[in-house]
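Colleague: First the structure, then my questions, so here it is.
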Amino acid sequence: MNATSLHKHLQDMQVANNIEVPSRVDGCKCKRRCTTTCACVILNGSEPYVAQDGGRLIEARDVVFECGPLCKCGPNCGNRVSKQGIKHKLQVFRTPNKGWGVKTLERILAGTPVCEYIGVLRRAKEVQQDTDNSYIFEIDCKQTIDGLDGRQRRSGHVALPTCSLGDNDRAEIEPEFSIDGSSFGNELTYDYAYQLDSVTGPDGNIIQMPCHCGAATCRQRFY
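In UniProt numbering, the protein residues as written are 1 to 223.
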């Protein structure tokens, strides 16, 4: 059996039954492509957050506001980048000491959307009780994404990351962007930015997890 078949593959975000995600009451009224007067684009500063000719970030951003399912613009609108799918060749592979990872099979320019971090949106308290929570991604103090599968789940931590994560106003989806441009064969990684001694187990004791990224500036611990 292929080892990757042991994971459940997801293409869209799922929400646990006990989670209620607030829905947007309306969307923009634009036709085909949004303009600078679009209600969604205005939240980004009245300018597109990506270049129209390639989908690359114009500038570094912590949060992006995208058009959603209730918006009237078309699927090729420049404000719907994260839902346009993976456009670059990626490969899931087994690392020597970090489990599964993802690497590039072609050059990816800096600022290029790479993929989304998706999984099951769950309550943080429930996830903390799981024995294996290595693929948990916190999006706020109450909710986490349990990355059951998808290439983005296997992007690993590193002290010198090749990717950054931009919060999406749809809260449960995290677009992942290339930071400095990735050459053929580079592993996709990002910095989880954990503070040391910040993770505790059910018994209240501090949990320490070693880091194997191999970067010269690595602090040798994940958290």
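We put the beta carbon where it would ideally sit given N, CA and C, even for glycine. All values reported here derive from a predicted model rather than from experimental measurement.
Can you give me the start and stop residues for the alpha helix (DSSP H) that cysteine 40 sits inside?
Modeller: Cysteine 40 -> alpha helix (DSSP H) spans 39–42.
Colleague: Whole-angstrom Cβ separation of lysine 103 and glycine 185, contact assumed at under 8 Å?
Modeller: Confirmed, about 6 Å.
Colleague: Please classify serine 82: is it buried, with 16 or more other beta-carbons within 10 angstroms of its beta-carbon, or exposed?
Modeller: By the neighbour-count rule (16 or more Cβ atoms within 10 Å), serine 82 is buried.
Colleague: By the DSSP assignment, the beta strand (DSSP E) with tyrosine 117 in it spans what residues?
Modeller: Counting along the chain, the beta strand (DSSP E) containing tyrosine 117 begins and ends at 113–117.
Colleague: Measuring alpha carbon to alpha carbon, tell me which residue in Glu59, Asn17, Cys71 and Arg33 is nearest glycine 45.
Modeller: Ranking the options by Cα distance to glycine 45, first place goes to Glu59.
Colleague: Among Gln208, Asp191, Asn79 and Leu121, which one has its Cα closest to the Cα of methionine 13?
Modeller: Of the listed residues, the one whose Cα sits closest to methionine 13 is Leu121.
Colleague: Distance, Cα to Cα, aspartate 197 vs methionine 209?
Modeller: Each residue's alpha carbon lies about 10 Å from the other.
Colleague: In whole angstroms, what separates the C-alpha of alanine 39 from that of proline 75?
Modeller: Their Cα atoms are separated by approximately 17 Å.
Colleague: Determine the extent of the beta strand (DSSP E) in which glutamine 91 is found, giving its start and end residues.
Modeller: Here the beta strand (DSSP E) through glutamine 91 covers 90–94.
Colleague: If we call anything under 8 Å between Cβ atoms a contact, is residue 266 one with leucine 109?
Modeller: With the chain represented from 1 up to 223, any question about residue 266 goes unanswered, as that position is not in the structure.
Colleague: Is it the case that the Cβ atoms of cysteine 30 and lysine 72 are separated by a distance below 8 Å?
Modeller: For cysteine 30 and lysine 72, yes; Cβs fall inside 8 Å.
Colleague: According to DSSP, lysine 125 sits in a beta bridge with which residue or residues?
Modeller: For lysine 125, which the question treats as bridged, DSSP gives no partner whatsoever.
Colleague: According to the neighbour-count rule (16 or more other Cβ atoms, all chains shown, within 10 Å of its Cβ), is leucine 105 buried or exposed?
Modeller: With fewer than 16 Cβ atoms within 10 Å of its Cβ, leucine 105 is classed as exposed.
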